[in-house]
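*Asks:* The listed protein sequences correspond, in order, to chains A and B. Adding 10 to a residue's 1-based position in the first sequence gives its number in my numbering. Adding 10 to a residue's 1-based position in the second sequence gives its number in my numbering. A virtual CB, placed ideally from N, CA and C, is assigned to each residue, including glycine. Just so you know, these numbers come straight off a predicted model, no measurement behind them. Sharing a structure below in structure tokens format, with a few things to ask.
Protein chains: 2
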Amino acid sequence: MRLTRYFLPVLKETPADAQIASHRLMLRAGMVKQQAAGIYSWLPLGWKVLKNIERIVHEEQQRAGHIPMLMPTVQPGELWQESGRDNSYGPEMLRITDRQGRKMLYGPTNEEMITDIFRSHVSSYKELPLTLYHIQWKFRDEIRPRFGVMRGREFYMKDGYNFDLTKDDALHAYNRHLVSYLRTYERMGLQAIPMRADGGPIGGDYTHEFLVLAETGESEVFYDSAVTDLTFGDREIDYDDVAQCQSILDEFTTRYARTDETHDEALFGQVPEERRRSARGIEVGQIFYFGTKYSEPMGAHVQGPDGKPVPVHMGSHGIGVSRLVGAIIEASHDENGIIWPEGVTPFHCGIVNLKQGDAEADGACEGLYDGLTALGLEPLYDDRDERAGAKFATMDLIGLPWRITVGPRGLKNGVVELTSRRTGESEELPPEAALEKVAGIYAGR
Amino acid sequence: MRLTRYFLPVLKETPADAQIASHRLMLRAGMVKQQAAGIYSWLPLGWKVLKNIERIVHEEQQRAGHIPMLMPTVQPGELWQESGRDNSYGPEMLRITDRQGRKMLYGPTNEEMITDIFRSHVSSYKELPLTLYHIQWKFRDEIRPRFGVMRGREFYMKDGYNFDLTKDDALHAYNRHLVSYLRTYERMGLQAIPMRADGGPIGGDYTHEFLVLAETGESEVFYDSAVTDLTFGDREIDYDDVAQCQSILDEFTTRYARTDETHDEALFGQVPEERRRSARGIEVGQIFYFGTKYSEPMGAHVQGPDGKPVPVHMGSHGIGVSRLVGAIIEASHDENGIIWPEGVTPFHCGIVNLKQGDAEADGACEGLYDGLTALGLEPLYDDRDERAGAKFATMDLIGLPWRITVGPRGLKNGVVELTSRRTGESEELPPEAALEKVAGIYAGR
Chain A
11 MRLTRYFLPV LKETPADAQI ASHRLMLRAG MVKQQAAGIY SWLPLGWKVL
61 KNIERIVHEE QQRAGHIPML MPTVQPGELW QESGRDNSYG PEMLRITDRQ
111 GRKMLYGPTN EEMITDIFRS HVSSYKELPL TLYHIQWKFR DEIRPRFGVM
161 RGREFYMKDG YNFDLTKDDA LHAYNRHLVS YLRTYERMGL QAIPMRADGG
211 PIGGDYTHEF LVLAETGESE VFYDSAVTDL TFGDREIDYD DVAQCQSILD
261 EFTTRYARTD ETHDEALFGQ VPEERRRSAR GIEVGQIFYF GTKYSEPMGA
311 HVQGPDGKPV PVHMGSHGIG VSRLVGAIIE ASHDENGIIW PEGVTPFHCG
361 IVNLKQGDAE ADGACEGLYD GLTALGLEPL YDDRDERAGA KFATMDLIGL
411 PWRITVGPRG LKNGVVELTS RRTGESEELP PEAALEKVAG IYAGR
Chain B
11 MRLTRYFLPV LKETPADAQI ASHRLMLRAG MVKQQAAGIY SWLPLGWKVL
61 KNIERIVHEE QQRAGHIPML MPTVQPGELW QESGRDNSYG PEMLRITDRQ
111 GRKMLYGPTN EEMITDIFRS HVSSYKELPL TLYHIQWKFR DEIRPRFGVM
161 RGREFYMKDG YNFDLTKDDA LHAYNRHLVS YLRTYERMGL QAIPMRADGG
211 PIGGDYTHEF LVLAETGESE VFYDSAVTDL TFGDREIDYD DVAQCQSILD
261 EFTTRYARTD ETHDEALFGQ VPEERRRSAR GIEVGQIFYF GTKYSEPMGA
311 HVQGPDGKPV PVHMGSHGIG VSRLVGAIIE ASHDENGIIW PEGVTPFHCG
361 IVNLKQGDAE ADGACEGLYD GLTALGLEPL YDDRDERAGA KFATMDLIGL
411 PWRITVGPRG LKNGVVELTS RRTGESEELP PEAALEKVAG IYAGR
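Quick look at the structure:
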């Protein structure tokens, strides 16, 4: 993309009402625009990051054998009467009355609807196990929306639901989700620690929240510092392998790591003192096993191997897709702007032309642009007639991890400059070598 | 995908309340489930088609230089008071009151919001031309939703908006959209004819609707049969080329083609009698130029070359993404089920194993499965322990354009059978040759 043909409305001033770094930087970098309290438009740059996160979530869910579908945003109220949550969900539910006077709502979550789909179509244990998921807009009418997309009212979420014949099968589904989530967050450049949590309005005996450590997190967390040494890496996973999934869950959840809701001082005291940490965390996902909580009242039964109907064991599993955009920025920025991890960056590489209009500089930039494109990468070429300082400031603000700077002086020596946004380190090298290096960085992503 | 691991709840009975073929077939093929009047869940097979259509729309919009973004589904009521449409839009607007008592609505379209974004961020003619678009769920509270996803209440739509300094520039944007739409529909295997139409609640002096001819269409249309001979083909387009876009618009819109809203008997009478046609059509898109209808009342001005503020010239351009799923089926089915065009099919090729459990047949099917996957194609392998007849019926119903049938008898002679869903013609050939043929069919898509 050429910047003169793009829509990147960066702001010079820091917005007064934005309290945290991600909110400030998303507004300044022209990623979002607030349309009402807690409701945002995703401007082109923000949309690209949102889509990259969505794509990674889709890929990892499908790798784990989970099946994508899509439920609507508006739901009939009756379903929530069946489960009993119509009363219990409270004022965060956005209730809607349609022109026929029917009671509807904007879905904050989908346990009821997916259970309705299941009971309408599945009747035998032979069709299990089954995990369906979707990525859809949700609404929770927060009384005090704040922190930008981190705590918005309209938000984008992946929510998945497993249906299993037995509790053991459902716990394997739980473990499978934990494993796939670890992989998902790592691909986004995030360390998200699974922590024992509380079921809240979803319910459930087993539940883990995934938290990204950040000073601006809304949750207080307590953990054994050894958990932050764990990395998922590129291990080969067979998601049907019960023992393998269990052993990864054990590896990542045995050490103490809890949110304040489930924190236990006595247990925490058993962690060696030098490894005891308390910090703040941003919740970016949660998994639940809740057994027959919805299947029993809603009649989601299958015929078991003995011919008798049994309610299915279920769990639900969420990843906050829009919230992750903010969480990644909280975890990765500096005083000049955002620093995107390669896995989610909106453009793979920036190109800065120091002398727009100079035939040689323009030609070299076009060559790099075509070269990156031919490699299957998306460059953002700042082809504006602007001072170098303004171009660098924009690139630093929007946070592309790599930048190639092209100027007449370097070209005279046959070189351009490749700069890492994260380290600030630059290297002079011939244009072809710069292309090769960038290609290598993104190989396999 | 292996069918035993998928969720494909096909129905044996024809649903009683579905009046048209696409609605019946989408329910029978397990593509959608109705959740409330005019509100559907997209089950896995339906979701895949919806996503394919969405992908083609994105690719063609970006090819034309239009910039993707995303606006929220819920909008503040104030914006619609500014434009004056808050009163005029009528009861199809789904109005919502949030917990703070603020008036909100579920967006049926986005002229107001995009104009608000534009006026907040763009101040100079130098930033024009600009076309922004998004693909987002919309809601129109139809009094009588029917025909399945063809006339639902919650529906998925691409809507794009151009901002230009002059009427001439905006008309080029109009032409560019017309050209890109022709290409878009052809990639989906559809002939959609641009017809002079009426502005309706969007407004506008220039507007064309794109109609797919089908007996079940809601609109009566009148046209010169010569328009159905036109095809877009794979011509090279330079979307910045004003003359080229104009000439394609002329080519496709000069001959008589109008909906009943703008039909003119006298003009129609000038078409040679043997070429006069009246038929029914399904509207799958519409483009508008409406000048300063929104920019003036909402203050979307830019500073012109002479330093004076001028309201921008705008148009909006919609493609009914969810509706297209139904429209494609209306245009392409037979008594046994759906016939997907290759461009949108949910799986590229079916594999039917005539003798599940037979080591040789199973092995050949696995080989084809891996071979198709290695080609970058998605097979659907019917690995159920079912009669051949049931497997064929399912494949015919869900409409994959190509099917490979594998049985012990053929394997003895070293062949499998490749069958076209459209023609019903079969061909026996070695497995490797079948793979090669399927690869050739999808090459370049």
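By Cβ distance below 7 Å, which residues in the same chain neighbour Y116(A) in space, the five residues on each side in sequence not counted?
*Replies:* Along the first sequence, one-based indexing puts residue 116(A) at 106. Closer than 7 Å at Cβ, skipping near neighbours: T83, V84, L104, I106 and F149.
*Asks:* Which residues, in chain order, does the stretch 40-52 of chain A contribute to contact with chain B at a C-beta distance below 7 Å?
*Replies:* Listed in sequence order: K43, Q45, A46, I49, Y50, S51 and W52.
*Asks:* Take the Cβ of Q45(B) as the centre, count every other Cβ of all protein chains shown within 10 Å, and call the residue buried at 16 or more, exposed below.
*Replies:* Locating residue 45(B) in the second sequence gives position 35, where the first residue counts as 1. Classification of Q45(B): buried, given that the 10 Å Cβ count is 16 or more.
*Asks:* Helix or strand or just coil, what does DSSP make of R394(B)?
*Replies:* For the purposes of this step, residue 394(B) is identified with residue 384 of the second sequence, where counting begins at 1. Correct three-state label for R394(B): coil.
*Asks:* Let's see if you can read the secondary structure: which residues bound the beta strand (DSSP E) around Y99(B)?
*Replies:* As a position in the second sequence, residue 99(B) is number 89, starting the count at 1. Y99(B) -> no beta strand (DSSP E), and no H or E assigned at all.
*Asks:* So who's on the other strand from M198(A), going by DSSP bridges?
*Replies:* Counted from its first residue, the first sequence places residue 198(A) at position 188. Its beta-bridge partners do not exist; DSSP assigns none.
*Asks:* CA-CA distance, L407(B) and L37(A)?
*Replies:* Counting from one through the second sequence, the residue named residue 407(B) turns up at place 397. Counting from one through the first sequence, the residue named residue 37(A) turns up at place 27. Spanning the two alpha carbons is a distance of roughly 49 Å.
*Asks:* Are the CB atoms of M11(B) and F402(B) within a distance shorter than 8 Å?
*Replies:* Counting from one through the second sequence, the residue named residue 402(B) turns up at place 392. Counting from one through the second sequence, the residue named residue 11(B) turns up at place 1. No. Outside cutoff.
*Asks:* What residues from chain A crowd round V84(B), counting only those whose CB sits closer than 7 Å?
*Replies:* Against the second sequence, residue 84(B) aligns to sequence position 74. Chain A residues near V84(B): I49, F149 and E164.
*Asks:* Helix or strand or just coil, what does DSSP make of F173(A)?
*Replies:* Taking the first sequence and counting its residues from 1, one reaches residue 173(A) at position 163. DSSP places F173(A) in strand when its eight states are reduced to three.
*Asks:* Enumerate in chain order the residues of its own chain whose CB-to-CB distance from E396(A) is below 6 Å, with the five nearest sequence positions on each side excluded.
*Replies:* Counting from 1 along the first sequence, the entry for residue 396(A) is found at position 386. Around E396(A): no qualifying Cβ.
*Asks:* Using the Cβ count rule (16 or more neighbours within 10 Å means buried), how would you classify I30(B)?
*Replies:* For this step, residue 30(B) is matched to residue 20 along the second sequence. Buried is the call here.
*Asks:* With P54(B) as the anchor, note down where its alpha helix (DSSP H) starts and where it stops.
*Replies:* Indexing the second sequence from 1 puts residue 54(B) at position 44. First-last of the alpha helix (DSSP H) with P54(B): P54 to R73.
*Asks:* Between which two residues does the alpha helix (DSSP H) containing H131(B) stretch?
*Replies:* On the second sequence, residue 131(B) is found 121 positions in, with the first residue counted as 1. H131(B) -> alpha helix (DSSP H) spans E121 to H131.
*Asks:* Please identify the residue among E370(A), E437(A), G48(A) and L60(A) whose C-alpha is closest to the C-alpha of D108(B).
*Replies:* For this step, residue 108(B) is matched to residue 98 along the second sequence. D108(B) has its Cα closest to that of G48(A), out of E370(A), E437(A), G48(A) and L60(A).
*Asks:* Along the beta strand (DSSP E) that carries S134(A), what are the first and last residues, could you check?
*Replies:* As a first step, residue 134(A) is located in the first sequence; it is residue number 124 there, counting from the start. Note, S134(A): premise wrong, no beta strand (DSSP E); not H, not E.
*Asks:* Measuring only from the beta carbon, is G209(B) closer than 7 Å to any heavy atom that is part of the ligand GDP?
*Replies:* You won't find the ligand GDP in this model; it holds no ligand whatsoever.
*Asks:* Going by C-alpha to C-alpha distance, which of P139(B), G94(B), L364(B) and Y299(B) sits closest to G75(B)?
*Replies:* Counting from one through the second sequence, the residue named residue 75(B) turns up at place 65. The candidate whose alpha carbon is nearest that of G75(B) is P139(B).
*Asks:* Measuring only between beta-carbons, confirm whether H131(A) sits less than 8 Å from chain B.
*Replies:* Taking the first residue of the first sequence as position 1, residue 131(A) is located at position 121. Yes, because at least one Cβ of chain B sits closer than 8 Å to the Cβ of H131(A).
*Asks:* Please list, in chain order, the chain B residues whose beta carbon lies closer than 8 Å to that of L382(A).
*Replies:* For the purposes of this step, residue 382(A) is taken as the residue at position 372 of the first sequence. Neighbours of L382(A) on chain B: none; closest Cβ ~17 Å, over 8 Å.
*Asks:* Name the DSSP beta bridge partners of F298(B), please?
*Replies:* Sequence index remark: in the second sequence, residue 298(B) carries index 288 (1-based). Per DSSP, T217(B) and S326(B).
*Asks:* When DSSP labels each residue in this structure, what does Y191(A) get in the three-state scheme?
*Replies:* The count along the first sequence starts at 1 and reaches residue 191(A) at position 181. Correct three-state label for Y191(A): helix.
*Asks:* Using only the alpha-carbon positions, how far apart do L277(B) and E284(B) sit?
*Replies:* Locating residue 277(B) in the second sequence gives position 267, counting from the first residue. Locating residue 284(B) in the second sequence gives position 274, counting from the first residue. When rounded, the distance between both Cα atoms is 15 Å.
*Asks:* What does D108(A) touch in chain B if you count any residue whose Cβ is under 9 Å from its own?
*Replies:* The residue you call residue 108(A) lines up with position 98 of the first sequence. In chain order: A46, A47, L104, D151 and R163.
*Asks:* Do Y191(B) and I329(B) have their CB atoms nearer than 8 Å?
*Replies:* Reading the second sequence from its first residue, position 181 is the one you call residue 191(B). Reading the second sequence from its first residue, position 319 is the one you call residue 329(B). Yes, Cβ-Cβ distance for Y191(B) and I329(B) is below 8 Å.
*Asks:* In the DSSP assignment, the beta strand (DSSP E) including H311(A) goes from what residue to what residue?
*Replies:* To locate residue 311(A), count along the first sequence from 1; it is residue 301. From DSSP, the beta strand (DSSP E) with H311(A) extends over H311 to Q313.
*Asks:* Taking the CB atoms as reference points, tell me whether R455(B) and I349(B) lie closer together than 8 Å.
*Replies:* Here residue 455(B) refers to the residue found at position 445 when the second sequence is read from its first residue. Here residue 349(B) refers to the residue found at position 339 when the second sequence is read from its first residue. Against a cut-off of 8 Å, the Cβ pair of I349(B) and R455(B) comes out as no contact.
*Asks:* Rounding to the nearest angstrom, what Cα-Cα distance links V159(B) and R129(A) in this structure?
*Replies:* Position 149 of the second sequence, counting from 1, holds the residue named residue 159(B). Position 119 of the first sequence, counting from 1, holds the residue named residue 129(A). Cα to Cα, the separation comes out at about 22 Å.
*Asks:* Name the chain B residues that come within less than 7 Å of M8(A), Cβ to Cβ?
*Replies:* The question about residue 8(A) has no answer here: the residues shown for chain A are numbered 11 through 455.
*Asks:* Who are the neighbours of Q57(B) on chain A, taking C-beta pairs under 7 Å?
*Replies:* As a first step, residue 57(B) must be located in the second sequence, where it is residue number 47. The residue you asked about is not Gln; residue 57(B) is Trp in the sequence shown. What W57(B) touches in chain A: P78, M79 and L80.
*Asks:* When you compare each of L334(B), G347(B) and Y299(B) to M324(B) by their alpha carbons, which one comes out closest?
*Replies:* The residue given as residue 324(B) occupies position 314 in the second sequence. If we check each option's Cα against that of M324(B), Y299(B) comes out closest.
*Asks:* Can you name the start and end residues of the alpha helix (DSSP H) that A224(B) belongs to?
*Replies:* The residue given as residue 224(B) occupies position 214 in the second sequence. Run containing A224(B): none; DSSP gives neither H nor E here.
*Asks:* Is there a Cβ from chain B that is less than 8 Å from the Cβ of R15(A)?
*Replies:* As a position in the first sequence, residue 15(A) is number 5, starting the count at 1. Yes - at least one Cβ of chain B is within 8 Å of the one on R15(A).
*Asks:* So, helix, strand or coil for V159(A), using DSSP?
*Replies:* If you number the first sequence from 1, residue 159(A) lands on position 149. Note: V159(A) maps to helix in three-state DSSP.
*Asks:* Closer than 9 Å, Cβ to any Cβ of chain B: which residues of the stretch 402-429 of chain A, in chain order?
*Replies:* Residues passing the 9 Å Cβ filter: none.
*Asks:* To test your reading of the DSSP string, which unbroken beta strand (DSSP E) runs of 3 or more residues are found completely within the stretch 362-433 of chain B?
*Replies:* 389-392, 412-416 and 426-430, all fully within the stretch 362-433 of chain B.
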